[in-house]
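In what follows, a structure is listed as structure tokens, so that the remarks can point back to it.
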Amino acid sequence: MFLPEVFNLTESERILSDIAKNSFGLLISAGDSAEHIPFTTPLPMIIDGAVLYGHMARANPHWRLFDGERVAQAVFMGPHAYISPTWYPDPSKSVPTWNYTLARVIGRPKVLDDDAKITWLMNTLSHKYEGDGGWAPDLTDPAFMAGMRRGIVAFHMTVDQIDGKAKLSQNKPQDVAQSVADRLRDQGEIELSAAMHKTFK
């Protein structure tokens, strides 16, 4: 990933927080095809300690690459928005751009065959999105759930590297960047605007 120093996120706690808030990402692995086209699967994932967890359909051949040896990366896109040159003091000396944040985790995924851990994963994912009092796996007919469990493959990936990128107009004067953040806020891009204001505090 192209990561200029000015946009480099180095605080691991912030990166982990970004992943927790934007946990639907892309898991990307080098494929076996002669064309070397990467295999990509969009899915929700969670990090617990130094381990990334997720699951996918058994019919998806991507999981067959999870041998604990091949490197993969999980990419999580945060808030993002178009930035118009008209938002700068002199539009004639500016061009359109895009502000965004993202996080990336690199590791070597392996199929998870620990039944108790798979149950924990399903319960944790469900609770994350349903909250207290929402749907939970134990509310489902056991026979139906057993069939669904057979149709998925869970995986775990020890985190070898974690990094983040926040392109938030840091290459602009602070007053200009804050003005851009205000424009984003006025357009409803609250999360991105807040990230920009936090960067320039």
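All you need for my numbering is the position in the sequence shown, starting with 1, plus 1027.
Glycine included, C-beta positions come from ideal geometry on N, C-alpha and C.
Taking 8 Å as the CB-CB limit, is Leu1079 close to chain C?
The chain labelled as chain C is not found in the depicted structure, where only one protein chain is given.
Option nearest Ala1099 by Cα separation, candidates Lys1137, Thr1113 and Pro1118
Lys1137
Buried/exposed call for Ser1220, threshold 16 Cβ in 10 Å:
buried
Hey, Asp1045 and Gly1095: beta-carbon distance below 8 Å or not?
Contact flag unset, no.
Where DSSP assigns a beta bridge to Ser1056, which residues make up the other side?
Phe1066 and Ala1099
Test item: CB-CB of Leu1053 and Pro1031 under 8 Å:
no
Do you know how far the Cα of Val1122 is from the Cα of Leu1043?
32 Å
Any idea what DSSP makes of Asn1197, helix, strand or coil?
According to the sequence displayed, residue 1197 carries Gln and not Asn. Look at Gln1197 here: in three-state DSSP terms it is coil, with no helix or strand label.
Coarse secondary structure for Asp1117, derived from DSSP in three states
Asp1117 falls in the coil class under three-state DSSP.
Alpha carbon to alpha carbon, how far is Arg1131 from Gln1188? Give it in angstroms, no decimals.
8 Å
Would the beta-carbon of Phe1093 fall within 8 Å of that of Lys1192?
no
For the beta strand (DSSP E) holding Thr1146, just list the boundary residues, first then last.
Where Thr1146 is concerned, there is no enclosing beta strand (DSSP E), although the alpha helix (DSSP H) it sits in stretches over Asp1142 to Glu1157.
Rounded to whole angstroms, what's the CA-CA distance from Phe1029 to Ser1039? Just pull it up for me.
18 Å
Endpoints, the beta strand (DSSP E) within which His1082 is located:
Here the beta strand (DSSP E) through His1082 covers Val1078 to Ala1084.
CB contact flag (Ala1057, Arg1097, <8 Å):
yes
Reference Pro1065, options Phe1171, Ala1101 and Pro1071, closest by Cα:
Ala1101
Between Ala1128 and Ile1179, what straight-line distance do the alpha-carbon atoms span, to the nearest angstrom?
The question names Ala, but residue 1128 is Thr in the sequence shown. Roughly 30 Å separates the two Cα atoms.
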